[in-house]
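Counting from 1, position 359 in the sequence shown corresponds to residue 455 in my numbering; the numbering is continuous, with no gaps. Worksheet for the structure shown next.
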Amino acid sequence: MEIFAALAAIVVSSIVIMFACNSFDDAASHLGRNMAPGVRGATINAVGSSMPELLTAFFLLFLFQDRDGFAAGVATTAGSAIFNSVVIPAVCIFAVRFRGVLVQGVPGSAAVWEKVESFEISKSNLIRDGFFLLIAEAALIWFLGNSTMTWWMGATLLGIYAFYFIYLSRGFGHTEDDAEDDNEDEGDDSESPSSKLKAMLTLDFNTLLFDSDDYSTGSAWAVLSLATGAIALASWLLAEAVMVSADAMGVPPYFTALVFAAAATSVPDTVLSVKDAVRGDYDDALSNAIGSNTFDITVGLGLPLLLYTLIYGTDVEVMSNDETQLLRIVLFGVTVVVLASLLLRKRITVSVAYLLSAIYVGWMGFVIVDTLIG
97 MEIFAALAAI VVSSIVIMFA CNSFDDAASH LGRNMAPGVR GATINAVGSS
147 MPELLTAFFL LFLFQDRDGF AAGVATTAGS AIFNSVVIPA VCIFAVRFRG
197 VLVQGVPGSA AVWEKVESFE ISKSNLIRDG FFLLIAEAAL IWFLGNSTMT
247 WWMGATLLGI YAFYFIYLSR GFGHTEDDAE DDNEDEGDDS ESPSSKLKAM
297 LTLDFNTLLF DSDDYSTGSA WAVLSLATGA IALASWLLAE AVMVSADAMG
347 VPPYFTALVF AAAATSVPDT VLSVKDAVRG DYDDALSNAI GSNTFDITVG
397 LGLPLLLYTL IYGTDVEVMS NDETQLLRIV LFGVTVVVLA SLLLRKRITV
447 SVAYLLSAIY VGWMGFVIVD TLIG
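Here's what the structure looks like:
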């Protein structure tokens, strides 16, 4: 019965995370509405959709305070990063190819969709985001080669993201076209207000507190705070479910985190990127996925590691086997393949989505077989 209860907890936590991240994204998008195209996806959107990975890794390390807990945190962020790199771009491509891009109206019966055979993306944005992601992954591979991880390693990971954020901030800008797009989006949202009951079930804090009014700075921060609290509770439940399911299945927490927690925490990234893609914001859709990975690796692991080592005055022991190291190397290789498949094509077509899907199926098969053999 424990395994079913744990799986139910994982499902519930993923649903809560999805809805709470939706509110987080709406509020954060208002606060970051003046950012240049491609920058918001790599920063505001990426941070919002990556909060579950950060908080889940935080709880796994602080609640269990052992190398299994830390390894589960590594597996959550790494598994989520692989999911983001492979599945999210594939789903976005399938969405615009078979459902289409919204060209008129709002999602619903009155919407007009246009199927897209292929599309172009900004190669410069992809190179920029991919470069920082590969640096973050290389740093973590190096750190995991040690028997323990120390405070300065966590600080270094955070420093990489700080530099990434500062670099992106140089692209801050606001044009009239951007302003018109933001106003159109806000108008679209206000045309279909949710009922209070629906808002409560979907954690739509703006409707619950402010009757779906257009965001102000104050209301955006209030919604952002409530959404963060909901994500924290769901992440705590997910961390507990990871450890319980591992005990019930007789496998290391590393495995359940890699399979269950990684997928659960990647739901917001997927939903957010698909929303951008069907609006025709292809650069933000991909920047969110790649930027989320950079955040997961640098902040999602670096911040819990730094705080834990400073608070308890001890280093964090890395798993004695090479599973986490192999995981990071595989992630680095997958990242290179994904970036190459996107950069070497002038236009992105559905064939790329099939390639990425095959990569993920192969990855999951490897994980399952490796765990069973081990």
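For every residue, glycine included, the Cβ atom is placed at its ideal position computed from N, Cα and C. No experiment lies behind these values; they were computed from the predicted model shown.
Taking V208 as part of the beta strand (DSSP E), name the residues at either end of that continuous run. The count along the sequence shown starts at 1 and reaches residue 208 at position 112. From DSSP, the beta strand (DSSP E) with V208 extends over V208 to E210.
So, A373 versus A381, is the Cβ gap smaller than 8 Å? Residue 373 sits at position 277 when you count from the first residue of the sequence shown. Residue 381 sits at position 285 when you count from the first residue of the sequence shown. Yes.
What does the alpha-carbon distance come out to for the pair F120 and I386? Residue numbering aside, residue 120 sits at position 24 when the sequence shown is read from its first letter. Residue numbering aside, residue 386 sits at position 290 when the sequence shown is read from its first letter. Rounded to whole angstroms, F120 to I386 spans 19 Å at the Cα level.
Bridge partner(s) assigned by DSSP for M245: On the sequence shown, position 149 is the one that residue 245 refers to. M245 has V412 as its beta-bridge partners, per DSSP.
Based on Cα-Cα distance, which residue from L320, Y350, I106 and F391 lies nearest to I231? Counted from its first residue, the sequence shown places residue 231 at position 135. With distances taken between Cα atoms, I231 lies closest to F391.
Does DSSP put L440 in a helix, in a strand, or in coil? Position 344 of the sequence shown, counted from the start, is the residue given in the question as residue 440. Correct three-state label for L440: coil.
What ranges does the alpha helix (DSSP H) occupy inside the stretch 299-329, keeping only unbroken runs of at least 4 residues that lie completely in it? Taken in chain order, the whole alpha helix (DSSP H) runs of length 4 or more contained in the stretch 299-329 are 301-306.
Beta-carbon proximity list for V182, same chain, < 7 Å, skipping 5 on both sides: Taking the first residue of the sequence shown as 1, we reach residue 182 at position 86. So the qualifying residues of the chain are V430, V434, L452, I455 and Y456.
Any contact of the stretch 388-403 with the stretch 159-174, i.e. 3+ C-beta pairs under 8 Å? By the C-beta criterion, the stretch 388-403 is judged to be in contact with the stretch 159-174, since at least 3 inter-stretch pairs fall below 8 Å.
Please name the residue in M460, N180 and I327 whose C-alpha comes closest to that of L368. Position 272 of the sequence shown holds residue 368. The shortest Cα separation from L368 among M460, N180 and I327 belongs to N180.
Under the rule that 16 or more other beta-carbon atoms within 10 Å means buried, what is A124, buried or exposed? Within the sequence shown, the letter at position 28 stands for residue 124. By the neighbour-count criterion, in which a residue is buried when 16 or more other Cβ atoms sit within 10 angstroms of its Cβ, A124 is buried.
Can you tell me where the alpha helix (DSSP H) holding R224 begins and where it ends? The residue given as residue 224 occupies position 128 in the sequence shown. Here the alpha helix (DSSP H) through R224 covers K219 to L240.
For L305, which residues in the same chain have their Cβ closer than 6 Å to its Cβ, ignoring the five residues on either side in sequence? Residue numbering aside, residue 305 sits at position 209 when the sequence shown is read from its first letter. Correct list: empty, nothing qualifies.
Could you please give me the residues that DSSP links to F215 through a beta bridge? Here residue 215 refers to the residue found at position 119 when the sequence shown is read from its first residue. Beta-bridge pairing links F215 to I444.
Where DSSP assigns a beta bridge to L198, which residues make up the other side? One-based indexing of the sequence shown puts residue 198 at position 102. The partner list for L198 (beta bridge, DSSP) reads W209.
Where does the unbroken alpha helix (DSSP H) through F356 begin, and where does it stop? Taking the first residue of the sequence shown as position 1, residue 356 is located at position 260. Unbroken run through F356: none, as it is neither H nor E.
Given that a residue counts as buried once 16 or more other Cβ atoms are within 10 Å of its Cβ, and exposed if not, what is K292? Position 196 of the sequence shown holds residue 292. With fewer than 16 Cβ atoms within 10 Å of its Cβ, K292 is classed as exposed.
Selected residue, minimal CA-CA separation from T298, among G458, I111, A104 and A102: Stepping through the sequence shown from its first residue, residue 298 is reached at position 202. When G458, I111, A104 and A102 are compared, the shortest CA-CA separation from T298 is found for I111.
Pop quiz: V446 and S437 are said to be a contact at Cβ under 8 Å. What is the actual Cβ separation, rounded to whole angstroms? On the sequence shown, position 350 is the one that residue 446 refers to. On the sequence shown, position 341 is the one that residue 437 refers to. With 8 Å as the limit, V446 and S437 do not qualify as a contact, their Cβ atoms being about 13 Å apart.
Roughly how many whole angstroms lie between the Cα atoms of W247 and G396? In the sequence shown, the residue the question calls residue 247 occupies position 151. In the sequence shown, the residue the question calls residue 396 occupies position 300. Cα to Cα, the separation comes out at about 14 Å.
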